[in-house]
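K.L.:
Sharing a structure here in structure tokens format.
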């Protein structure tokens, strides 16, 4: 754990250092090249705004209208039947849709149940083990202007389900049942 | 597909609000959602500008080419359509490395650059290529070594051992990423079998 945090602390400075040393060795005009490349960054950030606004508005409308809660209450009994605790279901559904939404639910679960409870550990594992599929698709495809996304969403969501199930399995295996 | 999901989230939400009487909340949600998105993008500007500048130096210095040549035998298997010494491979690898160490801020610009290169390889169409879908699937599964945010939240709420979930998180991540790759392969196989090669 200690070594890992040292590595992640030094990784970015080491990367910057390596890039600059190589630039000196290869006689690349570093500053001019930096400015040239950095120009793209602004354009890129601006080009993500339209898809992200569209997606986040849709998600917050869906949530605020109570439709998400209704969906959850419909699914909960089914999942409870296979042994998934009902409290975790909102997080599992929110995780692929909204990163900040999932983070909010996760902190709330940990606050209510305690970080070292079964629910607390499960929520932590779920939050850490997968990324927000809808956000990744919106940002990456939005930035380069991909309109026909093919099977990307299906692949992403199915993989999320596998990851979430794996989280439940491993937490039960390592920390015991409930 | 994404069009369909987007429309149904909005339409279902709007209709639902009539029955639950939460029109006021929905009104607020429209503006909150939009504001959230713009704030997020503005936060990205600083990171994108800096990293894309640094990555340009790395590219000109031949560092990306070096990285992609060394590691492409392994990762190249996942992206059979990307030529071995193409810059796309360098960006894909930098993105995966940054994600692995939990450096999401550094990972995003490299991921976008990788997507750009993959788009060029695909003749600049607005359709997602096979490699793009594979790359996206790996990214959504996010292979992370240390979930820093989660550990920080656990610390805040007084966990006896905030880091105890690292093991289960890595195990779940590996299963998620492996299934992402397998599911991606399956869908590709299904597409080619149907005769739509892309």
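Chains as they are written, first to last, in our numbering: chain P, 165 to 342; chain U, 3 to 200.
Backbone N, C-alpha and C fix where the C-beta goes; we use that ideal spot for every residue, glycine too.
Under three-state DSSP, which class holds residue 191 of chain P?
P.N.:
In the structure shown, residue 191 of chain P sits in coil (DSSP, three-state: anything other than H, G, I, E or B).
K.L.:
Report the option in U:18, U:46 and U:121 whose CA atom is closest to the CA atom of residue 228 of chain P.
P.N.:
Looking at the Cα atoms, U:18 is the closest of the given residues.
K.L.:
Shorter than 9 Å from the beta carbon of residue 64 of chain U to some beta carbon of chain P?
P.N.:
Yes, because at least one Cβ of chain P sits closer than 9 Å to the Cβ of residue 64 of chain U.
K.L.:
I want to see whether chain P comes within less than 9 Å of residue 93 of chain U, judged by CB atoms only; does it?
P.N.:
Answer no: the Cβ-Cβ gap between residue 93 of chain U and chain P never drops below 9 Å.
K.L.:
For the region 235 to 250 of chain P against the region 320 to 327 of chain P, are there 3 or more C-beta pairs whose distance is under 8 Å?
P.N.:
Not touching, per the Cβ criterion.
K.L.:
Give me, in chain order, the residues of the same chain whose beta-carbon lies closer than 6 Å to that of residue 143 of chain U; leave out the 5 immediate sequence neighbours on both sides.
P.N.:
Once the five neighbours on either side are set aside, the close Cβ partners of residue 143 of chain U are 178, 179 and 182.
K.L.:
Closer than 8 Å by C-beta to residue 189 of chain U: which residues in its own chain qualify, once you throw out the five before and the five after it? Chain order, please.
P.N.:
Within the same chain, residue 189 of chain U has close Cβ partners 135.
K.L.:
Report yes or no: do the region 56 to 71 of chain U and the region 80 to 89 of chain U share at least 3 C-beta pairs separated by less than 8 Å?
P.N.:
With a cut-off of 8 Å, the region 80 to 89 of chain U and the region 56 to 71 of chain U count as touching, because enough Cβ pairs lie within range.
K.L.:
Quick check on residue 180 of chain P: does DSSP put it in helix, strand or coil?
P.N.:
DSSP places residue 180 of chain P in helix when its eight states are reduced to three.
K.L.:
Are the CB atoms of residue 292 of chain P and residue 82 of chain U within a distance shorter than 9 Å?
P.N.:
No; because the gap between Cβ atoms is not below 9 Å, this pair is not in contact.
K.L.:
Taking the alpha-carbon positions, what's the residue 218 of chain P to residue 172 of chain U distance?
P.N.:
Residue 218 of chain P and residue 172 of chain U: Cα-Cα distance of roughly 33 Å.
K.L.:
Please decide whether residue 8 of chain U counts as near chain P, where near means a Cβ-Cβ distance under 9 Å.
P.N.:
Chain P, which has a Cβ nearer than 9 Å to the Cβ of residue 8 of chain U, makes this yes.
K.L.:
How should residue 174 of chain P be labelled, buried or exposed, when 16 other C-beta atoms within 10 angstroms of its C-beta is the threshold for buried?
P.N.:
Exposed, because fewer than 16 other Cβ atoms sit within 10 Å of the Cβ of residue 174 of chain P.
K.L.:
Just the chain U side, please: which residues come within less than 7 Å of residue 237 of chain P by C-beta, in chain order?
P.N.:
Per Cβ cutoff of 7 Å: no residues; residue 237 of chain P is ~12 Å from chain U at best.
K.L.:
For residue 192 of chain P, tell me which candidate among U:41, U:9, U:57 and U:32 has the shortest Cα-Cα distance.
P.N.:
Ranking U:41, U:9, U:57 and U:32 by Cα distance to residue 192 of chain P puts U:57 first.
K.L.:
Is DSSP giving residue 291 of chain P helix, strand or coil here?
P.N.:
Helix.
K.L.:
What number of angstroms, rounded off, separates the C-alpha of residue 200 of chain U from the C-alpha of residue 131 of chain U?
P.N.:
Legend: pLDDT at residue 200 of chain U = 47, less than 50; position of this residue unreliable, value from coordinates given subsequently. Taking the straight line joining both Cα atoms gives about 6 Å.
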